[in-house]
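**Q** The structure follows.
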Amino acid sequence: MARVMAFDYGNKRLGIAVTDPMKIIASALTTIHPKDVVSYVQKYMLTEEVEAFVVGKPTNLNGEKTDATRPTENFVNLLKKQFPSIPIFRIDERFTSTIAGRTLFQMGLKKKDREKKEHIDQLSAVLILQSYLQSLNG
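Going by my numbering, the first residue of the sequence shown is number 302, and it counts up by one from there.
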């Protein structure tokens with residue numbers, strides 16, 4: 302069974318999460334530089350089947366575009382070009398970074414570890430993927 306891979310796009314870091322083959326659990330995978338995403342996904346797909354991508358859709362509280370919207374759309378276009386057979390779904394990512402930070406705090410991580418942005422990016426990708434999975438189940 303194939304997995305679903307989710308991305309929390311940022312200009313400096315890209316958080317990646319993936320489902321289990323049954324598409325029940327979303328888990329953090331890694332954080333990488335955006336320039337490395339194509340090679341990373343290609344390598345990943347040598348050992349795991351991916352049936353869909355989910356990318357966070359940045360909007361402000363009013364649902365309007367933000368400064369991050371265009372770079373994220375460029376990233377989506379890159380995925381479409383490099384992996385044309387894999388469908389891409391967009392999920393509202395408002396508050397994912399805030400929720401991720403709070404979750405890391407509630408997990409009892411030391412302040413030094415909570416401030417590592419790669420942890421927040423990975424957890425944000427997990428939250429985006431969980432939102433997608435919930436949307437499938439109504």
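From the three backbone atoms N, C-alpha and C, an ideal C-beta is built for every residue, glycine too.
Predicted, not measured: the structure shown is a model, and the values here were computed from it.
Assuming the contact rule is C-beta atoms closer than 8 Å, Ile387 and Ser432 should be a hit. Round their C-beta distance to whole Å, please.
**A** Your numbering for residue 387 matches position 86 in the sequence shown. Your numbering for residue 432 matches position 131 in the sequence shown. Actually they do not touch by this definition, with Cβ atoms about 19 Å apart.
**Q** Mapping the DSSP letters down to three states, classify Ala303 as helix, strand or coil.
**A** Numbered from 1 along the sequence shown, position 2 holds the residue referred to as residue 303. In the structure shown, Ala303 sits in coil (DSSP, three-state: anything other than H, G, I, E or B).
**Q** Considering Phe390, what are the terminal residues of the beta strand (DSSP E) in which it resides?
**A** Sequence index remark: in the sequence shown, residue 390 carries index 89 (1-based). Ile389 to Asp393 is the extent of the beta strand (DSSP E) around Phe390.
**Q** So Phe390 packs on Ala353, CB below 8 Å; how close in whole Å?
**A** Taking the sequence shown and counting its residues from 1, the one referred to as residue 390 is at position 89. Taking the sequence shown and counting its residues from 1, the one referred to as residue 353 is at position 52. Indeed they touch by this definition, with Cβ atoms about 6 Å apart.
**Q** If you run the structure through DSSP and keep just helix, strand and coil, what is Ala401?
**A** Within the sequence shown, the letter at position 100 stands for residue 401. In this prediction, Ala401 has a pLDDT of 47, which is less than 50 and means its spatial position is unreliable; what the coordinates show is noted afterwards. Correct three-state label for Ala401: helix.
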